[in-house]
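Encoded as structure tokens, the structure appears first; notes follow it.
There are 2 protein chains.
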Amino acid sequence: MSSSMWQFSKRAAALKSSAIREILKVTELPHVISFAGGLPSPDTFPVKKIKQAVDDIMNSDEAFSALQYGPTEGYKPLRQWVVNLINQREQTNLTTDNVLIVTGSQQALDLIGKALIDKGTKVLVETPTYLGGLQTFTQYEPEYVSIASDEHGLNPDELSDSVAQSASFLYTIPNFQNPTGRRLSAERRKKLADKAKANQLLMIEDDPYGELDYQGHRLPSLLSFAPDNTVYLGSFSKILAPGMRLGYVVGPADFIRKLVQLKQAADLHTPSYTQHIAYHVIKDGYLGDHIPKIRELYKTRCQFMLEQLEKYMPKSVRWTKPEGGMFIWVVLPEHIDTTTLLAEAVKNNVAFVPGESFFATHPQKNCLRLAFVTVPEERIEQGIKILADLIK
Amino acid sequence: MSSSMWQFSKRAAALKSSAIREILKVTELPHVISFAGGLPSPDTFPVKKIKQAVDDIMNSDEAFSALQYGPTEGYKPLRQWVVNLINQREQTNLTTDNVLIVTGSQQALDLIGKALIDKGTKVLVETPTYLGGLQTFTQYEPEYVSIASDEHGLNPDELSDSVAQSASFLYTIPNFQNPTGRRLSAERRKKLADKAKANQLLMIEDDPYGELDYQGHRLPSLLSFAPDNTVYLGSFSKILAPGMRLGYVVGPADFIRKLVQLKQAADLHTPSYTQHIAYHVIKDGYLGDHIPKIRELYKTRCQFMLEQLEKYMPKSVRWTKPEGGMFIWVVLPEHIDTTTLLAEAVKNNVAFVPGESFFATHPQKNCLRLAFVTVPEERIEQGIKILADLIK
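The listed protein sequences derive, respectively, from chains A and B. Residues 1 to 392 (the working numbering) make up the first sequence, in order. Residues 1 to 392 (the working numbering) make up the second sequence, in order.
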């Protein structure tokens, strides 16, 4: 669709509507069993606690600052909360100069793309990787290099010094990655961080799922191994509520300063209102009680879906066995194209995300992503059975 | 400041910290009389009404959708509210396909810059114009053409057909413009819209201050004269609360569709939480009672500042006499550089914004912007007296 009234920029004209987006439209219908969405379970939203937080704010003079323009960097007490969390957990020495609050982690990806990518800039990514990251970076016309990855995540042995040196940055999701659910092993983290340090490679460590570790055995972040080489992205979407659109960026102070300039032009600042609410909810350690409940729920659902896959899928099908997060990645026999399969599945009222769009280069057509956290158990069983029958 | 660990993109490296930003830091000190900020008066924030709206949401099942991910286009009832408002006021025939909710109007400017500007794309602007618009568009490397403007706003007679045809779009703020406070006359609106139609020129009509019309005599929008040629930006920041960061874009459906794709990459969607709250506040006509109170307050403050300027300023100084909005624009004798004057003023605990950065081309150094809405009357008098003494 175009008009003589305007001409889109090259970057805008090149944008295509995303597969996830088109699928989500179908899956809004209540009779569809949808494994497609990346939505957290609403059962985990702390409604009562948020209501209390809003009351506290609106019954005091804080209401006026929560409703007024605020600094681009974010609400200072919330930034300080992030500093304390990361310093304690990752043994870093951050100050608030190292922290920027963003309107969801997605905004961090856009600001980082703007800050670092010119036409042809080399960007290293996992195989596969987060679709929303690719969509965002692609606007700035990078040249992607996919680094070989397996069930333990990105393989640092497959990242040569010359490739590391030629790139602007590596984008990686070490914990319970979207779309595969896999986690980068502790040994590989150390190795990757050493390689980054040796080659002055910047790593963008995207970590929305890190807290959703079913056993509560968190592995040290890339940030902890190589703080000067790492920009770390955290999110409140999966541990509080995605409708707040709150995330944060942790990085070297001069890098954060540049992101602040870009963010000022992008939306002046993240809503003061949601920042104040989130701070009130979490300031007294509430997440320490809340997160284990989310882990327990997601662990049960994941376990249940894995059992159904085991029960119904033919031997030729393989899948990841996540230790945390929201996704299972399924690899079908090579002759099956999951985009074609999706059309069939939707006719049978089941939805998933075809794997193809998660590859920056050399797309594999025989993979798909399953999300299990919003689907009740009886519907998980029913949906997996339908999928298995279609695959057979 | 740079690091061998990364290299900023050309667009990011070219970004400078804004004058407004640096000044706002100084003016945070409570003893400074600041005419610099563009902040609405917190006296106008409807705290009680917002608290009621939040209670209604959090005590019902709506809490779950207000806390969940939502569509990129925005919360549908809020989009429908915008449709009804604009159709009634501007005699248009919009549907929700013509409306996108954004994280403040600033985000709309960024998305429009992304959608339309390649390196060297011609963008037409008023003289002077909104600094935040210039900052945002500049990231995408346009070539600006400043259209001559006077106390009645942009002069359509100064816009030639060939310039209109060569440009991607015209950016304009017809109502109580930031920084001048001036309003485009009805006659000029008609003439500009006709010129846009004749030359297939797209107009970006930025209208955050339109409701702040002291007499309540709203002039018809450019959108009403030329709906196919106009993308209209509305905002809740000046009539509800800027800390919510809520604005909207109204435009042709295929243009909106492209902005939706760009917005998905930018922040997925504007917070569901603030959209639900705003909708609950305004759905039953609350703004009809609320906005007249804001107008009355701002009119009184404006009148008072104009009287003080009359009383204290030397004859060589001229200023606009706004009929609405938040700003007065002051033109000093040509030998005075207002950036130098600001340094002196701040020593005397008074702040304003020097006019220079509001010009896309050929900056004029002898102008300044005064904001009056957050300053109590006795401090307005004191501040204007200090400024006048410095100018003398």
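Note that beta-carbon positions come from the ideal geometry of N, C-alpha and C, so glycine has one too. As the structure is a prediction and not an experimental result, all values here were calculated from the model.
The residue among B:N366, B:G251, B:L370 and B:Y286 with its C-alpha nearest the C-alpha of B:M305 is B:L370. Setting aside the 5 residues that flank it on each side, B:N349 is surrounded in the same chain by H31, V32 and I33, each with a C-beta closer than 7 angstroms to its C-beta; the list follows chain order. The DSSP-derived three-state label of B:R369 is strand. Linking A:L94 to A:P77 through their CA atoms gives a straight-line distance of about 14 angstroms. Exclusion of the five residues before and after A:I291 leaves E211 and I239 as the residues of its chain whose Cβ lies within less than 6 angstroms of its Cβ. At least one beta carbon of chain A lies nearer than 7 angstroms to the beta carbon of B:S272. When only Cα atoms are considered, B:I147 and B:P128 end up about 9 angstroms apart.
Taking 7 angstroms as the Cβ-Cβ cut-off, the segment 58-73 of chain B approaches chain A at M58, A63, F64, A66, L67, Q68, Y69 and G70, given in chain order. DSSP lists B:L368 as the beta-bridge partner residues of B:P354. Of the residues A:P314, A:T103, A:F352 and A:A226, the one whose Cα lies closest to the Cα of A:K392 is A:P314. Contact with chain B is absent for A:F359, since none of that chain's Cβ atoms lies less than 7 angstroms from the residue's Cβ. When 7 angstroms is used as the limit between beta carbons, B:W329 is near no residue of chain A, the shortest such separation being about 21 angstroms. Among the bridge pairs identified by DSSP, A:M203 is matched with A:L170 and A:T230. Against chain A, the CB of B:G243 has a partner CB under 7 angstroms away; the residue lies at that interface.
Rounded to whole angstroms, the separation of the alpha carbons of A:H335 and A:V145 is 26 angstroms. Residue contact with chain A for B:Q52: absent (no Cβ-Cβ distance below 7 angstroms to any residue of chain A).
By the CB criterion at 7 angstroms, B:F35 and B:F359 fall outside the cutoff.
Taking CB atoms only, A:F45 has a neighbour in chain B less than 7 angstroms away.
For the segment 94-117 of chain A, the beta-carbon criterion of a distance under 7 angstroms to any beta-carbon of chain B is satisfied by T103, G104, Q106, Q107, D110, K114, A115, L116 and I117.
Note: B:Y214 is not bridge-paired with any residue in the DSSP secondary-structure output.
Contact check for A:R183 and A:E323: beta-carbon distance about 6 angstroms, within the 8 angstroms limit, so the pair qualifies. In terms of CA proximity to A:K49, A:Y286 leads the group A:K299, A:L154, A:Y286 and A:E141.
For B:K119, the closest Cβ of chain A is not nearer than 7 angstroms.
About 6 angstroms separates the beta carbon of B:P42 from that of A:Q68, a gap short enough to meet the 8 angstroms contact definition. Assignment of B:R318 by DSSP, reduced to helix, strand and coil, places it in the strand class. Proximity to B:I386 across B:K347, B:K263, B:T172 and B:V249 peaks at B:K347, based on C-alpha coordinates. A direct Cα-to-Cα measurement between B:F236 and A:P179 gives close to 37 angstroms. According to the DSSP assignment, B:G181 belongs to no beta strand (DSSP E), since it is labelled neither H nor E. Here A:L124 is actually not in contact with A:A66; their C-beta atoms are around 40 angstroms apart, not less than 8 angstroms. No Cβ of chain A is located within less than 7 angstroms of the beta carbon of B:P376.
Taking 7 angstroms as the threshold, the shortest C-beta distance from A:M313 to chain B does not fall below it. Within the same chain, and ignoring the five residues on either side of A:D267 in sequence, the residues whose Cβ sits closer than 7 angstroms to its Cβ are T103. Not a single C-beta of chain B is nearer than 7 angstroms to the C-beta of A:M326. Collapsing the DSSP output to three states places B:Y279 in a helix. When rounded, the separation of the alpha-carbon atoms in B:L111 and B:F176 is 23 angstroms. The C-alpha of B:I101 lies about 22 angstroms from the C-alpha of A:G37.
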